[in-house]
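Residue numbering for the sequence shown follows my numbering, beginning at 489 and increasing consecutively.
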Amino acid sequence: MSIVTLKEGDNAPAFSGKDQNGKTVSMSDLKGKRVILFFYPKDMTPGCTAEACNLGENYSELQKRGFEVIGVSADDEKRHQKFIDKYSLPYTLIADTDLSVIKAFGVWGLKKFMGKEYNGIHRTTFIIGADGKLEKVITKVNTKNHTAQILEELGE
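The following block contains the structure:
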């Protein structure tokens, strides 16, 4: 049940958010870089940890291929820092507590879990080209093998 309306070829929304150190990260800082921007529901949960660790374990390979990796969730800076410390994550996490980045990318909406409906983050990954356009939008994320999935989807 995807709610994402952005598609390949669209311009990535301009965004700005604080990372785990309170430093502002914005789309303009990333101009000229290819970015793997992944949205996930919550730090320290099983699926999110599997996804974050898979990207972390393959980070140097992704960097060799010219990618910057940035994760986004609604967790605060302190929780992000604990997540990074616990799992030795080598990349930036944006603390989007006001949901501005999450909503700009259209990944906030109704979810169902164990018979309950609630609003939350739909796990989605956007591959942003150096030109600021979306190269790929992945809505069915394979958390355990996300790096391989990204490279396969891009044909790399």
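Backbone N, C-alpha and C define an ideal beta-carbon position, used for all residues, glycine too.
- Separation of the CB atoms of I524 and V557 is rounded to 5 Å, and the pair is thereby assigned contact status at 8 Å.
- If you draw a straight line from the Cα of G594 to the Cα of G643, it comes to about 25 Å.
- Cβ contact annotation for F526 (same chain, cutoff 6 Å, sequence separation greater than five): G559, T613, in chain order.
- DSSP places N607 within a strand segment (E or B) once states are collapsed to three.
- For L494, there is no enclosing alpha helix (DSSP H), since its DSSP letter is neither H nor E.
- Considering only L598, R567, D619, the residue with the shortest C-alpha distance to D517 is D619.
- A residue is called buried once 16 or more other Cβ atoms fall within 10 Å of its Cβ, and L622 is buried on that count.
- The three-state secondary structure of V560, taken from DSSP, is strand.
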